[in-house]
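> Got a structure here, written out as structure tokens. Questions coming.
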Amino acid sequence: MSGTSIDVSASTSGTMTPRSKLDALSRDDLIRFVKKQIDKLKTAKCENEKLKTELAEVRKDFTEADKKLHDEQEKNTEKTEEIQQLNEQCNDLKMECSELALKLEKLEAKLKEHQKVDESAESNKLNSNSNDSDGIPVDIVQLQNELASIKDLLRKETEECDKQAKEKEKLTVTINELRSLLDDAYAQLESYKQKKSVENVITLEMADFEKTVERLQKELKAVKLEKNSLRSKLEASMKEMDNIREEKAHLNDNIMELSAALKEINEEMEGRIFFQKKKAELAFHEKERKDLTEQLQKQVSAGNKERDQLITVIGVNEEKIGDLEALNASLNRQLSSLCSQRESLQRQFDDLSEEHSTFKTRALYVLEQKKNDDDERSKGEIEILEETIRQQKRTIDNLTLSEQRQEFESRSASEARLNNELLAQIDAISISHNQEKQNLLMTAQQKREGLEEEMKRLKRMLNEEVARRKEMEKIQVAVSAQNVAVQLQKASKNILPSSTYLIRPAVDAADTASKDVQNDDNEEKSLEQVIYGETEELVLTDIRNQPESFTTPQGVIEMISRQLEHTRELLNESEATNARLVEQTKLLKEEIRKMERDRERENHLTNTEYLKNVIMKFIAPEKVTDERGHLIPVLTTMLKLNSDEVSLLNQVVEGTFFLSSVNRFKLKLEFL
15 MSGTSIDVSA STSGTMTPRS KLDALSRDDL IRFVKKQIDK LKTAKCENEK LKTELAEVRK
75 DFTEADKKLH DEQEKNTEKT EEIQQLNEQC NDLKMECSEL ALKLEKLEAK LKEHQKVDES
135 AESNKLNSNS NDSDGIPVDI VQLQNELASI KDLLRKETEE CDKQAKEKEK LTVTINELRS
195 LLDDAYAQLE SYKQKKSVEN VITLEMADFE KTVERLQKEL KAVKLEKNSL RSKLEASMKE
255 MDNIREEKAH LNDNIMELSA ALKEINEEME GRIFFQKKKA ELAFHEKERK DLTEQLQKQV
315 SAGNKERDQL ITVIGVNEEK IGDLEALNAS LNRQLSSLCS QRESLQRQFD DLSEEHSTFK
375 TRALYVLEQK KNDDDERSKG EIEILEETIR QQKRTIDNLT LSEQRQEFES RSASEARLNN
435 ELLAQIDAIS ISHNQEKQNL LMTAQQKREG LEEEMKRLKR MLNEEVARRK EMEKIQVAVS
495 AQNVAVQLQK ASKNILPSST YLIRPAVDAA DTASKDVQND DNEEKSLEQV IYGETEELVL
555 TDIRNQPESF TTPQGVIEMI SRQLEHTREL LNESEATNAR LVEQTKLLKE EIRKMERDRE
615 RENHLTNTEY LKNVIMKFIA PEKVTDERGH LIPVLTTMLK LNSDEVSLLN QVVEGTFFLS
675 SVNRFKLKLE FL
């Protein structure tokens, strides 16, 4: 606004110069003076156009960097949520491993109890052990499924970490570009300062521009600090991923050890050798199990602590993101206001330059007329010309102020509308974010309750099975105590290397029982039959004639290797699709940014009319008393003027400022 007042003062001072000074100059000197002024105006216009282009480029770069930073922060929040979900799943897997260890302990206890029974009940115990061994592959299959799910989760997490690293590299590239642009802008500003010798409208605008650049530098420093903090968080998350992988490897080792222990138990059940050695090994396994449970509890506590820390870090990051968004919005508003001020001042400068050129031409015309005509006629014509110039000046001032007033009003209305839209969007985003958090918490609680119910149901089933087995063993011991000698003799005659089945004493129905047992072995058994056993007669199959491909660990290893190959193929396909999706998202983001830039340009073009009308009315007021005084508060509210600028406007209204500018113009003419 101070620049506009200086230009107006210069133009009015030209009109109020005394005729003696103009008469003293010759025609050639006057022509040279006019040419110099025209050259200065042309250079000032060129410099203004260059500064406009530079300002537009800086604004574009700043908006792009802001958008990229916002996208990166959103992705970081999503990744922290995924890390929390993975930690919860790891905790669930640890609990399941502890449950499997408890099941193994119970199986080992059952084996001990079965081995303490007399040789007379060995046939029945072997049958029960065979039924228990059928449950072991089911546990192995469950462990395999859990391992596959863990692998899928780790694969997804590694892909997301790679994506995050690539996006952060892109952010570093964009930040370096912004720095280079800022350095170029500073170099151009310094060169412009060296060239410039006289204070005018452009110096004041450049000072404002320097302030905005300093603010942008401070914001870039803040962005750099936030980037470093995000990088440290990413490193912490990568460390957590490594710890999770180590825990996975440790769990795989434990599973392999358990499978080896199961194999040894099966071999010892077949051979019934080294009973005392088994006791020592079982005690050693119990110690290992206790150590494993302690380690799992420690890992669970450490995971909970890390989860709490991540939640606190996420909250702090969300607050920082809100502050940065507010700062970016304020900077955008300031830049738009500066651009509008610059455009209005440029229009005023052009109008004043045209008026100055017309005045100079008329002055030359008056000088030529003066040589030919008398002094009285020339004086009268000069006075008439001065009056016409003053009238035209007043009309121009009135027009410029009216246009500026209209521009100010339209701009204030558009800014209010944009503020309301932004507030509504922020409220909607916060509400949706809170709803998503609540939904995730509800689903996690429901899953946890379902797992707890399943745990309780399995515990009840195991307790009932143990009680039922104990009752059956008591009944078998009581029956075998009565007929020990008879059953031993029959057992010694019936147990031959060529025999295929051993059944309980039922001589009349031996053939039918053997046929039923063969049919039952060929059929698939359900989970309830494996857990609760058969309700009919207990049938003992010959262990030597069973197929080993279903019980040996080699078959299990082959199945696991097939599943791993299948998962590798799926992983390769998912990586290829992920790369295609990343390219598509890049293209979509670029198109969205182009659309937003076009919309911003349209808004800036529509909001300049009111400001133009107000300034035109202030420069050339209508025939109303104290109209400029009424326009001062409108200009202060729209342009956000400080106290010095308001006092300068008051001087313009009172007329003291124009007198001082006239005196300055006289001094310049004397110097020339």
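Residue numbers (this note's numbering): 15 to 686.
Even glycine gets a Cβ: it sits at the ideal position worked out from N, Cα and C.
#1: Quick one, are the C-beta atoms of residue 78 and residue 471 less than 9 Å apart?
#2: Taking buried to mean at least 16 other C-beta atoms within 10 Å of its own C-beta, is residue 298 buried or exposed?
#3: Taking the alpha helix (DSSP H) that residue 657 falls in, what are its first and last residues?
#4: Assuming residue 647 is part of the alpha helix (DSSP H), what are its boundary residues?
#5: What residue from 315, 399, 275 has the CA that sits closest to residue 303's CA?
#6: Rank 593, 357, 644 by C-alpha distance to the C-alpha of residue 180 and give the top, closest one.
#7: On the three-state DSSP scale, how would you describe residue 375?
#8: Helix, strand or coil for residue 622? Go by DSSP, reduced to three states.
#9: Sorted by chain position, which residues of the same chain lie with C-beta nearer than 6 Å to residue 630's C-beta, five sequence neighbours on each side aside?
#10: Can you give me the C-alpha to C-alpha distance between residue 425 and residue 225, rounded to a whole angstrom?
#11: Would you mind working out which of 429, 601, 455, 310 sits nearest residue 109, comparing C-alpha positions?
#12: Would you identify the three-state DSSP class for residue 634, choosing helix, strand or coil?
#13: Exposed or buried, residue 82, counting other C-beta atoms within 10 Å across all chains shown (16 or more means buried)?
#14: If distances are taken between C-alpha atoms only, which option among 307, 488, 435, 402 comes closest to residue 116?
#15: Using the Cα positions of residue 449 and residue 440, report the straight-line distance between them to the nearest angstrom.
#16: Are the CB atoms of residue 633 and residue 410 within a distance shorter than 9 Å?
#17: Check the C-beta distance from residue 653 over to residue 355 and give it rounded, since I have them as a contact under 8 Å.
#18: Can you tell me whether DSSP reads residue 246 as helix, strand or coil?
#19: Check residue 163 in the structure and name its three-state DSSP category.
#20: Assess contact between the region 186-206 and the region 233-240, defined as three or more Cβ pairs (one per stretch) separated by less than 8 Å. Is contact present?
#21: Would you please state the rounded distance, in angstroms, between the beta carbons of residue 96 and residue 174? I believe it to be under 8 Å.
#22: If you draw a straight line from the C-alpha of residue 49 to the C-alpha of residue 403, how long is it?
#23: Taking the C-alpha atoms as reference points, what is the distance between residue 492 and residue 269?
#24: What would DSSP say about residue 40, mapped onto helix, strand or coil?
#25: For residue 643, collect the residues of the same chain with a Cβ closer than 7 Å to its Cβ; drop the 5 residues on either side in sequence, then sort them by chain order.
#26: Could you give the DSSP three-state label for residue 508: helix, strand or coil?
#27: Quick one: what's got a C-beta closer than 8 Å to residue 589's C-beta in the same chain, skipping five residues either side?
#28: Run through the DSSP bridge pairs and tell me what residue 627 is partnered with.
#29: Relative to the alpha-carbon of residue 278, which residue among 263, 295, 262, 264 has its alpha-carbon at the smallest distance?
#30: Three or more C-beta pairs closer than 8 Å, one from the region 362-378 and one from the region 49-61: is that the case here?
#31: Could you round the C-beta distance between residue 87 and residue 335 to whole angstroms and report it? I think they count as a contact, below 8 Å.
#32: How many Å lie between residue 198 and residue 591 at the Cα?
#33: If you compare alpha carbons, which of 184, 420, 349, 325 is closest to residue 72?
Taking the geometry as given:
#1: no
#2: By the C-beta density criterion, residue 298 is exposed, having fewer than 16 other C-beta atoms within 10 angstroms.
#3: 657-668
#4: 641-653
#5: 275
#6: 593
#7: helix
#8: Note: residue 622 maps to coil in three-state DSSP.
#9: 413, 414, 415, 416, 417, 418
#10: 23 Å
#11: 310
#12: coil
#13: Residue 82 should be labelled buried.
#14: 307
#15: 14 Å
#16: yes
#17: Between residue 653 and residue 355, the beta carbon gap of about 7 Å places them in contact (Cβ cut-off 8 Å).
#18: helix
#19: helix
#20: yes
#21: 6 Å
#22: Distance from the CA atom of residue 49 to the CA atom of residue 403, rounded to whole angstroms, is 21 Å.
#23: Looking at the two C-alpha atoms, the distance is approximately 40 Å.
#24: coil
#25: 667
#26: Residue placement at residue 508 is poorly supported in this model, since its pLDDT is 48, which falls under 50; the coordinates still yield a value, given next. Residue 508 falls in the helix class under three-state DSSP.
#27: 173
#28: 417
#29: 295
#30: At 8 Å Cβ cutoff, the stretches touch.
#31: 5 Å
#32: If I take the Cα positions, the gap works out to 41 Å.
#33: 349
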